[in-house]
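K.L.:
Chains as they are written, first to last, in UniProt numbering: chain R, 1 to 166; chain P, 1 to 524.
Here it is: the structure, laid out below.
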Amino acid sequence: MSGMSEKRAHQTLDQSSMINLNSSWTSYKGAWSTTIFIIISLKLLFSIIPGINPEASWTLTNVVFNMGHFIMFHWVQGIPFENNQGAYDGLTLWEQIDGGVQFTATRKFFTAVPILLFLLSTHYTHYDMVTFAINFSVLVVVLVAKLPAMHKVRVFGINKMDEDMD
Amino acid sequence: MVNTESSYTVDDNVRFINSTVNSVYELVALIPGSDIILNYLKESYQHDPFRVLLELFLVFFAIKYMLAKRYKPNDNSVKLTNKEIDELVEEWQPEPLVPSLTAYDRMNLEKTPVIIGPQSAKPKVAGHTKPLMNLATTNYINLVASEQIKDKAIKTLRNYGVGSCGPPGFYGTIDVHMDLEKDIAKFLGVDEAIIYAQGFSTISSVIPAFSKRGDLLVVDDGVNFAVQKGVQISRSNVRYFKHNDMEDLERVLEEIRVDDLVHKKRLTRRFIVTEGLFANHGDIAPLPKIIDLKFKYKYRLILDESQSIGVVGKRGAGLTDLYNVNAAEIDMIVGSMATTLCASGGFCAGSHEIVDHQRLSGQAYCFSASIPAMLAVSASEALKVIQEQPNLLTELQERVVSIRQTLKHKALDPLVEFSSPDIDSPAPFFHIRVKPTFLKLHLKDDETAVPREDEERLLQDVVDECAYQGVLITRAKYVAEQEKICPRPSIRIHATTGLTKKETEKAAGVVKAAITKVLGKWRR
């Protein structure tokens with residue numbers, strides 16, 4: 001169908017017409033250090049809750065960070081400022097990063113962070129089966145969403161916009 | 001028998017793995033200090049080998065991810081080898097920067113009339129000793145010659161200079177622009193108006209300002225080029241309905257409604273886009289019916305009144321005036337000030353919200369210098385003239401009817417047809433096209449249709465003959481490759497009050513004689 005190929009051509013044209021300011025910041029070193037800073041702040045914040053044990057504070061850190069990360073990178077779609085007729089409609093931030101190219105430095109960084117956070121937390125705590133399961137499943141959800149095989153895939157149509165995606 | 005044998009083999013395997021693991025463990029245990037590490041691992045993972053496995057898996061996953069090579073999913077671009085690239089470079093012949101003209105292009109270029117001196121109802125044209133009677137401009141009520149406007153424009157020029165030197169949102173707006181916006185809003189009877197610097201880019205900016213990807217446009221398939229470009233730039237989903245065919249419009253709207261119900265589609269912004277007085281067809285949209293449908297199916301209406309503003313309707317306020325509808329029922333009235341008003345630029349009129357949105361989202365408004373102050377004042381003054389002298393419009397109507405009457409002659413009947421068959425139509429211009437039956441008589445043996453170029457050349461001969469006899473008319477010109485449905489070749493004739501009744505009749509007579517003469521002599 002020529003309409004479909006024209007649509008795709010227009011989308012490529014519009015997406016490449018200018019830098020995607022919604023996703024370009026993710027490759028700044030400042031954004032990376034901010035991510036680490038946020039994790040440290042979260043951990044500190046949860047550690048100073050009176051009477052909390054390390055398992056609970058690490059679990060909270062893990063869950064809050066991964067949930068925030070998931071919403072920001074894998075749930076919200078499109079871009080908040082409109083200047084290219086919606087060329088990124090239906091694409092999550094993760095799908096917009098580096099124009100969809102996989103295994104770039106930015107993607108590697110944001111994949112490594114939750115894994116390292118999890119490994120650190122298991123190292124410093126004595127998780128029982130339940131807390132381990134919570135931490136691990138939160139991590140898995142985030143990691144699965146990052147897999148190249150999940151690029152532009154909406155499992156069971158969850159969070160799917162009805163625009164046809166490229 | 002078989003079962004026991006297989007269980008033996010399983011047992012064997014288990015035994016083998018066990019012994020291997022044991023021996024590896026013993027080997028590791030032999031390394032000095034290794035027991036500390038092993039104890040530590042067992043400790044920290046609560047003596048749970050399953051967790052150790054999961055974490056090892058995570059580490060491997062991370063390492064694998066870090067080492068993976070970058071690639072783009074669903075990349076259909078062709079990968080060329082170096083050899084292929086070299087070959088392509090070798091083969092490449094650069095196209096000339098300026099492509100050579102075809103014979104047809106050359107004809108178009110040579111036949112373009114050059115007006116010497118100012119534009120007027122009787123301009124001096126290069127190659128003609130006497131001034132020609134101008135039936136080729138949108139100077140319908142001869143505002144070009146208005147001394148009142150000229151004086152005002154000169155005064156403004158002395159006060160403000162020529163250019164406005166900036167986009168409207170960035171010190172490009174001065175009092176005269178705001179006055180003009182108010183004048184337009186008042187003239188049309190809407191809340192507010194916004195002015196753009198170019199007539200063409202007004203509608204092609206208004207449509208994409210509101211309609212984005214995934215939104216829906218229902219468009220008349222006879223709209224002019226500027227509207228088509230706006231529709232294209234908006235990247236919205238587009239459905240066309242047959243030109244001015246309300247049954248077809250209703251069919252399309254109904255189809256969309258049913259489709260949305262069946263597929264449970266998200267509610268998107270949706271617009272009906274049409275033109276008031278069609279530049280390419282010379283006919284008028286049935287506005288009341290469109291408004292009915294718009295309310296029935298819950299759409300917004302974008303109406304391009306570039307051709308009709310200033311001439312159609314009792315007050316000249318366009319289609320809303322003609323049909324006596326409340327202008328507020330049309331969401332966006334877009335018009336040009338470069339046509340009847342003889343200034344420049346365009347406007348979009350509507351509610352406060354509609355106009356306000358464009359001040360930051362109308363690309364042509366934000367990224368283009370505002371119109372020169374003197375042109376804004378000219379437009380304001382032109383609106384004043386139209387309101388003060390409603391007789392101009394009745395005069396114009398008389399002129400166009402008289403031209404139509406002259407040309408609707410029996411002698412022309414087998415030769416040409418008119419875009420709007422209604423003699424009393426309020427449209428101040430119309431198209432004349434060669435009748436298909438006439439063209440059929442002049443087919444060559446191996447042809448099924450006369451080529452477009454031949455038809456254009458025939459009409460150009462009519463135009464030339466008219467110019468020779470003292471009347472300036474023009475063919476309608478299109479970017480044929482880019483038009484959605486390119487209209488058939490035509491001559492576009494505009495009435496003007498700049499010519500007296502007698503002159504108009506004479507000019508129409510000249511056109512009539514030229515058509516009879518040129519078409520009668522046509523040999524291919």
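For each residue, glycine too, the CB sits at the ideal point set by N, CA and C.
Please report how far the alpha carbon of M165/R lies from the alpha carbon of T92/R, in whole angstroms.
P.N.:
Confidence in M165/R is poor, its pLDDT being 44 and thus under 50, which makes the residue's placement unreliable; the coordinate value appears in the next sentence. M165/R and T92/R: Cα-Cα distance of roughly 11 Å.
K.L.:
Is it buried or exposed for V98/P, if we count other Cβ within 10 angstroms and need 16 for buried?
P.N.:
Counting Cβ neighbours within 10 Å, V98/P comes out exposed, since fewer than 16 surround it.
K.L.:
Give the residues of chain P in contact with I108/R, contact being defined as C-beta atoms less than 8 Å apart.
P.N.:
Note that residue 108/R corresponds to Lys in the displayed sequence, not to Ile. Near K108/R (Cβ distances below 8 Å), the residues of chain P are Y65 and M66.
K.L.:
From the beta carbon of H69/R, is the nearest beta carbon of chain P less than 8 Å away?
P.N.:
No - not a single Cβ of chain P is within 8 Å of the one on H69/R.
K.L.:
Under 8 Å, do G199/P and M337/P count as touching if we go by C-beta distance?
P.N.:
Cβ atoms of G199/P and M337/P: closer than 8 Å.
K.L.:
Which same chain residues end up closer than 6 Å to G214/P when comparing Cβ atoms and leaving out the 5 residues on each side of it in sequence?
P.N.:
Taken in chain order, the residues that qualify are T268.
K.L.:
Measure the C-alpha to C-alpha separation of G161/P and A373/P and round it to an integer number of angstroms.
P.N.:
Whole-angstrom Cα-Cα distance: 8 Å.
K.L.:
Please confirm if the stretch 121-139 of chain R is in contact with the stretch 61-78 of chain P, defined as three or more CB-CB distances below 8 Å between the two stretches.
P.N.:
Result no; under three Cβ-Cβ pairs closer than 8 Å.
K.L.:
Following the continuous beta strand (DSSP E) through F347/P, name the residue where it begins and the one where it ends.
P.N.:
G346 to G350 is the extent of the beta strand (DSSP E) around F347/P.
K.L.:
For I115/R, return the contacting residues in chain P, with the cut-off set at a CB-CB distance below 7 Å.
P.N.:
The contacting residues are L58 and A62.
K.L.:
With 7 Å as the limit, tell me which residues of the stretch 67-81 of chain P have their beta carbon closer than that to any beta carbon of chain R; keep them in chain order.
P.N.:
Answer in chain order: A68, K69, R70, Y71, K72 and P73.
K.L.:
From the DSSP output, which residues share a beta bridge with S336/P?
P.N.:
G346/P.
K.L.:
Can you check whether the CB of R257/P is closer than 8 Å to the CB of Y297/P?
P.N.:
Yes. Within cutoff.
K.L.:
Which residues in chain R have a C-beta closer than 7 Å to the C-beta of P208/P? List them in chain order.
P.N.:
Q85, listed in chain order.
K.L.:
Taking C-beta pairs closer than 7 Å, name the residues in chain R that S368/P reaches, listed in chain order.
P.N.:
Per Cβ cutoff of 7 Å: no residues; S368/P is ~16 Å from chain R at best.
K.L.:
Along the stretch 162-195 of chain P, where does the CB come closer than 9 Å to a CB of chain R? Name the residues.
P.N.:
Taking 9 Å as the Cβ-Cβ cut-off against chain R, none of the residues of the stretch 162-195 of chain P qualify.
K.L.:
With DSSP collapsed to three states, give me the class of H263/P.
P.N.:
It is helical.
K.L.:
What does DSSP give as the partner residues of D304/P in its beta bridges?
P.N.:
Paired residue(s): E275/P and V334/P.
K.L.:
How would you write the range of the beta strand (DSSP E) that N237/P sits in, first residue to last?
P.N.:
That run of the beta strand (DSSP E) goes N237 to F241.
K.L.:
Cβ of L157/P less than 8 Å from any chain R Cβ?
P.N.:
Not one chain R Cβ lies under 8 Å of L157/P.
K.L.:
Relative to the C-alpha of F187/P, which residue among K444/P, Q387/P and T406/P is closest?
P.N.:
Closest by alpha carbon: Q387/P.
K.L.:
Taking only the alpha-carbon atoms, compute the straight-line gap between M1/P and R15/P and give it to the nearest angstrom.
P.N.:
Residue placement at M1/P is poorly supported in this model, since its pLDDT is 43, which falls under 50; the coordinates still yield a value, given next. C-alpha separation (whole angstroms): 21 Å.
K.L.:
Taking C-beta to C-beta, are R433/P and V416/P nearer than 8 Å?
P.N.:
Result yes, Cβ atoms of R433/P and V416/P sit closer than 8 Å.
K.L.:
From the DSSP output, read off the bridge partner residues of K124/P.
P.N.:
Answer is I116/P.
K.L.:
Label R492/P either buried or exposed according to how many other C-beta atoms from any shown protein chain fall within 10 Å of its C-beta, with 16 as the threshold for buried.
P.N.:
Buried: at least 16 other Cβ atoms inside 10 Å.
K.L.:
According to a CB-to-CB cut-off of less than 7 Å, which residues of the stretch 143-157 of chain R neighbour chain C?
P.N.:
Among the chains of the structure shown, chain C does not appear; the protein chains present are R and P.
K.L.:
Among residues of its own chain, excluding the 5 on either side of E381/P, which ones have a beta-carbon nearer than 6 Å to its beta-carbon?
P.N.:
Here the set comprises I149 and K152.
K.L.:
Within the 8 Å Cβ cut-off, does G214/P reach chain R?
P.N.:
So yes, G214/P belongs to the interface.
K.L.:
From the DSSP output, which residues share a beta bridge with E220/P?
P.N.:
Looking at the sequence itself, residue 220/P is Asp, so the reference to Glu does not match. BP columns for D220/P point to F241/P.
K.L.:
Hey, is V101/R's beta-carbon within less than 8 Å of any beta-carbon in chain P?
P.N.:
It does: the Cβ of V101/R has a partner Cβ on chain P nearer than 8 Å.
K.L.:
Are the C-beta atoms of M165/R and some chain P residue less than 8 Å apart?
P.N.:
Summary for M165/R: the model assigns pLDDT 44, below 50, so the residue's position carries little reliability; its value from the coordinates is reported in the next sentence. Answer no: the Cβ-Cβ gap between M165/R and chain P never drops below 8 Å.
K.L.:
So the alpha helix (DSSP H) V144/P belongs to, where does it begin and stop?
P.N.:
Per DSSP, V144/P belongs to no alpha helix (DSSP H) and is neither H nor E.
K.L.:
So with CB distances below 9 Å, who are the chain R contacts of S234/P?
P.N.:
Chain R residues near S234/P: Q85.
K.L.:
By the three-class DSSP mapping on this structure, what secondary structure does R524/P have?
P.N.:
The answer is coil: DSSP assigns R524/P none of H, G, I, E or B.
K.L.:
Does the Cβ-Cβ distance between R70/P and Q102/R come in under 8 Å?
P.N.:
Taking 8 Å as the Cβ cut-off, R70/P and Q102/R qualify as a contacting pair.
K.L.:
Please check if any C-beta of chain R sits within less than 8 Å of the C-beta of R51/P.
P.N.:
Cβ-Cβ to chain R under 8 Å: yes for R51/P.
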